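Report on the following structure.
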Amino acid sequence: MSATNDTMKQISEYDQGRIEKILIIGAIGIGNLLLFSGTLRRIRRHFASAHITIIVLKEGFKALYENDPSVDEVLVLDVDKVKTFRQKIVFIWKMRKSRYQLCITTFPANRIEYNLLAFFSGAKRRVAHKYAAKKLRSLSFLQNVRIPVEPELHDLEQNLNLLKAFGITPDDEDHRLFLNIPEQAHDNARQYMKENDLYDKQLIGMHPGSSVERGMILKRWPSVYFAELCDWLTETIDACILLFGGKEEERLREEIAVKTRHKSLIVTGLDLLSTASLIGKCALFVSNDSGLMHIAAAMGVQTIAIFGPTDPGRTAPYGQEHRVIRTGTECSPCWSINNLGVGTVRCIHPENICLTELPVEMVKEVISSKLSTVIQKSKINISQSRKERKE
30 MSATNDTMKQ
40 ISEYDQGRIE
50 KILIIGAIGI
60 GNLLLFSGTL
70 RRIRRHFASA
80 HITIIVLKEG
90 FKALYENDPS
100 VDEVLVLDVD
110 KVKTFRQKIV
120 FIWKMRKSRY
130 QLCITTFPAN
140 RIEYNLLAFF
150 SGAKRRVAHK
160 YAAKKLRSLS
170 FLQNVRIPVE
180 PELHDLEQNL
190 NLLKAFGITP
200 DDEDHRLFLN
210 IPEQAHDNAR
220 QYMKENDLYD
230 KQLIGMHPGS
240 SVERGMILKR
250 WPSVYFAELC
260 DWLTETIDAC
270 ILLFGGKEEE
280 RLREEIAVKT
290 RHKSLIVTGL
300 DLLSTASLIG
310 KCALFVSNDS
320 GLMHIAAAMG
330 VQTIAIFGPT
340 DPGRTAPYGQ
350 EHRVIRTGTE
360 CSPCWSINNL
370 GVGTVRCIHP
380 ENICLTELPV
390 EMVKEVISSK
400 LSTVIQKSKI
410 NISQSRKERK
420 E
């Protein structure tokens, strides 16, 4: 199979039957990893006896897959820590010792680093997507089984397209997000609820933040708008607002809490999976386009997603029950499928009007149409919480 052949060729059944070790290179980001989870499950079903290793690019992302029965091993190549040439060589040397026969790079990964990592894995067959941009600069030709990107597809479906390399047709079960939460994480969430007197309350989760890397801070709806929405929900349905986010977002959440007339709880002290469990206790989740938004969707929580520069066609919370809110500004989305991997996309306006001009009333209107469902979900959650307390 030629490394420069642009035509996707299915790996033969004979060759698939000889695959014993599989390496998966996960795209950076919580959401990106979750949007691969359905594809991963199907790969496990197809290669039932193979040893599957996944590489994650941040230490904090390891938890997403270390409890997943589809994965045998999680390797961490922390891009914030592994920076020197020697560190990178040591990692590659250890990786090559495993003698992988198949390497799969998840979507989106149109960067030279991903393609070099796949090539240096030593795997004879390297499956990835074929992107429109940066064909030479990204060294994408180092991947030798390339699945054409289909611009109209959601990122979850782009990942499912990787299955074409093995002649697999996805089923309905594959079109889902999976997140394995250990019992200890559920216990941590229950203990947090007890300590903060959250039982018997209508919990509404919010994530007002986003990553700050590569211009992603532009995905944030203004904090003053979140504060107004918090007060409205508290006054309308007596909601208890939980403000979620990482350590780097504590100042943002404190800023919102100060601006509200009613008390909101800044969630701290929980690891990623315990946070996911607590999100699962919410009747509604309101968020910017973020990893926690996808966690809420994976936990089955109805999600209201506020989009600005990014493309909801690609990264909206997956499922019919969720809603996306955006202004429809002419220049939005400016982060499109066509500029994947080209670096930081900068706003052409003094401020990102796709979000600053998205009024709170628009979000209130969407939530109002779902209030009966939210209240009913709260009753179910409260009933379940009471049962858990007795047990």
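Residue numbering for the sequence shown follows the numbering used here, beginning at 30 and increasing consecutively. Ideal Cβ positions, reconstructed from N, Cα and C, are used throughout, including at glycine. All values reported here derive from a predicted model rather than from experimental measurement.
Residue i, DSSP secondary structure in three states
i: PRO341; result: helix
i: GLN424; result: Residue 424 lies beyond the residue range present for the chain, which begins at 30 and ends at 420; the question has no answer from this structure.
i: THR82; result: strand
i: HIS24; result: Outside the displayed span of the chain (30 to 420) sits residue 24, for which this structure offers no information.
i: LEU400; result: helix
i: GLN103; result: Inspection of the sequence shows that residue 103 is occupied by Val rather than by Gln. Strand, per DSSP.
i: ARG280; result: helix
i: LEU208; result: coil
i: VAL287; result: helix
i: LEU131; result: strand
i: LEU294; result: strand
i: PRO183; result: According to the sequence as given, residue 183 is His; it is not Pro. Residue state, collapsed to three classes: coil.
i: LYS126; result: coil
i: ASN188; result: helix
Distance CB(residue i)-CB(residue j) smaller than 8 Å
i: LEU294; j: CYS269; result: yes
i: PHE149; j: ARG125; result: yes
i: VAL174; j: TYR160; result: no
i: ARG47; j: GLN172; result: no
i: THR68; j: ASP203; result: yes
i: ILE57; j: LEU93; result: no
i: HIS183; j: SER319; result: no
i: ARG343; j: LEU192; result: no
Residues bridged to residue i [DSSP beta-bridge criterion]
i: GLY234; result: LEU271 and PHE314
i: ALA194; result: Looking at the DSSP assignment, ALA194 forms no beta bridge with any residue, so it has no partner.
i: THR332; result: PHE314
i: LEU52; result: THR82 and CYS132
i: ILE176; result: HIS158
i: ILE354; result: ILE335
Close beta carbons around residue i, own chain, < 6 Å, minus the five adjacent residues each side
i: ARG73; result: SER99
i: GLY196; result: GLN39
i: GLU264; result: none
i: ALA218; result: SER303, SER306 and LEU307
i: LEU313; result: ILE233, GLN331 and VAL403
Own chain partners of residue i with C-beta closer than 8 Å, once the 5 adjacent residues on each side are dropped
i: ARG355; result: ILE335, PHE336, GLY337, PRO341, SER361, CYS383 and LEU387
i: ASN96; result: ASN209, ILE210, PRO211 and LEU302
i: LEU106; result: ILE84, VAL85, LEU86, PHE120 and LEU146
i: THR198; result: LEU192
i: TRP15; result: Coverage of the chain is limited to positions 30 through 420, which leaves residue 15 absent and any answer about it impossible.
i: GLY329; result: GLY309
Own chain residues within Cβ distance below 7 Å of residue i, not counting five before or after
i: GLU142; result: none
i: GLU186; result: none
i: ALA326; result: LEU206, THR332, PRO346, TYR347, GLY348 and HIS351
When the options are compared against residue i, the one with the closest alpha-carbon
i: TYR221; options: ALA305, ASN209, PRO199 and ALA147; result: ALA305
i: ARG418; options: ASP216, GLY274, GLU279 and GLU380; result: ASP216
i: VAL403; options: CYS311, GLU49 and ILE51; result: CYS311
i: ASN188; options: GLU224, PRO137 and SER169; result: PRO137
i: SER66; options: SER401, GLU283, GLY357 and ILE324; result: ILE324
i: HIS291; options: LYS399, GLY275, LEU258 and LEU281; result: LEU258
i: THR135; options: GLU88, ILE59, LYS117 and HIS80; result: ILE59
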